[in-house]
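Chains as they are written, first to last, in my numbering: chain X, 14 to 126; chain R, -2 to 110.
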């Protein structure tokens, strides 16, 4: 049930764009995105709910394709501070699951000057 | 965003002793709290889900008698690692959820010698 993230790792130069994908074999109720820096706890980025929506947060946005059971995180004009490991957490079921999430293995993003 | 604290941030204990980790939601009431374990460069592994005033729900393979969870109030959950062994050494992270999003605490690095 663990969602599959791709790519596993990506290296960018400052200002470049990246896309991180998260796909599930199960029907999804919501997808949550987090960024974790080394030695720190994950930081919440955004949540996307069933209904196929898109959301944006400064230069980081995401989409959720319910039919394809996948979500994508878009990072545009990347900054050095974007470096870290990005995790998607997926929630299956209909909201009665106590918001329990299953996390992917993560995508290591490195932004170089 | 919501603030979740965890204490202690680091703990070293001897094999056979017990260690208690506290997780607090500081500026919101958390109906549900989650406990995760994370190995270096690995994903977040959910250990258990706890709801205030009720028994925790443990994931398959997690020993409930070894990892005691108490969720005494809407702002506090504790994880006690009983009779700790070196293989219990890990990064333990809690998260708190009020309305769907999960906010993570800073984590506790446990080392059992």
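Here a beta-carbon is modelled for each residue, glycine too, at the ideal position from N, C-alpha and C.
Separation of residue 32 of chain R and residue 80 of chain R (C-alpha to C-alpha, rounded to the nearest whole angstrom) is 18 Å. Cβ proximity to chain X below 7 Å picks out 90, 94, 97, 98, 99, 100, 101, 102, 103 and 104 from the stretch 79 to 104 of chain R.
Beta-bridge partners of residue 55 of chain R (DSSP): R:45. A direct Cα-to-Cα measurement between residue 29 of chain X and residue 83 of chain X gives close to 23 Å. The C-alpha of residue 48 of chain R is placed about 20 Å away from the C-alpha of residue 42 of chain X. Residues of chain X whose Cβ lies closer than 9 Å to the Cβ of residue 51 of chain R do not exist; the shortest such Cβ separation is about 11 Å.
Chain R has no Cβ within less than 8 Å of the Cβ of residue 95 of chain X. Note that the stretch 69 to 89 of chain R touches the stretch 25 to 41 of chain R; at least 3 beta-carbon pairs, one per stretch, sit closer than 8 Å. Using a Cβ-Cβ cut-off of 8 Å, residue 112 of chain X counts as an interface residue toward chain R, since at least one Cβ of chain R sits closer than that to its own.
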